[in-house]
Amino acid sequence: MSLKVVDLVKSIVAGVVSEGDTVVDATVGNGNDTIFLARLVGEKGKVYGFDIQQKAINNTGELLKDLGLQNRVNLICDGHENMDKYITGDVKAVIFNLGYLPRGNRDITTLPNTTLTAVKKSLQLLQPGGITAIAAYRGHQSGKREEVLLGEYLSGLDASAFITVSVQAVNQGNNPPVLWAVQKKGGHAQLITTE
Ligand SMILES: C[S@@+](CC[C@H](N)C(=O)[O-])C[C@H]1O[C@@H](n2cnc3c(N)ncnc32)[C@H](O)[C@@H]1O
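Per the numbering used here, the sequence shown starts with residue 32, numbered consecutively.
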């Protein structure tokens, strides 16, 4: 097991997702999380993937085709803040891997207000027991503000409806990424309990 934030996100999500589930990759980028999710949900599952960069969508589409996973993935070139236009509900997991596209244009990043809107919408779409997992990085221009906004919102979530945890390395330099995982209460698959 790896304690890197991107890997922890995957471990947490793998703990709740079953074959046939519907899940969301809110930031497709180079497609690593989309491919991970497509394998997790299996042939009968569905992955919705969002990115504002057509290049990310196209490259990931090609990768999925090469791997024979394209039929279970719906790639959408639109902001994740519009996810509710495409998905109606009953989502088991949503992954946000924030920031800029690695090896891409570092000026195109996720932005605090649209990220917050998207995270709120993801929580509405989650089914009981479902999880939204977020990896946030302070290293880019709007990353600090994004982290503060998310931290304020997530720590204020209604404790009777959601459980939120955060994980951050404490010995890895000045700007370690932060992981948040939010689980909607009420399902059987409680990953984290308060008891
Ligand atoms: C850190 S990368 C994602 C990495 C990706 N999950 C992977 O596995 O390679 C962040 C991505 O978020 C995208 N992005 C920025 N703003 C967005 C928005 N409003 N909605 C969806 N994607 C957005 C960027 O274009 C970039 O590709």
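By construction, the Cβ of each residue, glycine as well, lies at the ideal position given by its N, Cα and C atoms.
Because the structure is a prediction, the values reported are computed rather than measured.
Rounded straight-line distance, which links the Cα of residue j to that of residue i
i	j	result
ASP38	ASN63	11 angstroms
VAL40	VAL54	14 angstroms
SER153	MET114	8 angstroms
LEU100	ASN89	14 angstroms
SER49	ALA166	22 angstroms
ASN205	HIS171	13 angstroms
ASP97	GLY187	43 angstroms
ASP217	GLY46	The residue you asked about is not Asp; residue 217 is Gly in the sequence shown. The straight-line gap from Cα to Cα measures roughly 16 angstroms.
beta-carbon residue i near ligand 1 non-hydrogen atom, thresh 7 angstroms
i	result
ASN144	no
GLU50	no
PHE193	no
HIS171	no
TYR131	yes
GLY62	yes
VAL54	no
Three-state secondary structure (DSSP) of residue i
i	result
SER186	helix
GLN158	strand
ASN89	helix
ALA167	strand
VAL37	helix
THR224	For THR224, the pLDDT reaches just 46, beneath the cut-off of 50, and the residue's location in the model is therefore unreliable, leaving the point undetermined.
LYS123	strand
Those residues which DSSP pairs with residue i across a bridge
i	result
ASN136	Its beta-bridge partners do not exist; DSSP assigns none.
LYS216	Partner(s): none; LYS216 has no beta bridge.
Within-8 angstroms CB hit, residue i to chain C
i	result
ILE139	Considering every chain present, this structure includes no chain C. It has just one protein chain.
CB of residue i within 8 angstroms of CB of residue j, strictly
i	j	result
PRO133	GLY60	yes
ALA190	ILE43	no
VAL122	ALA57	no
GLU177	THR148	no
Check: residue i C-beta below 7 angstroms from any heavy atom of ligand 2
i	result
ASN128	For the structure depicted, ligand 2 is absent and the ligand set comprises only ligand 1.
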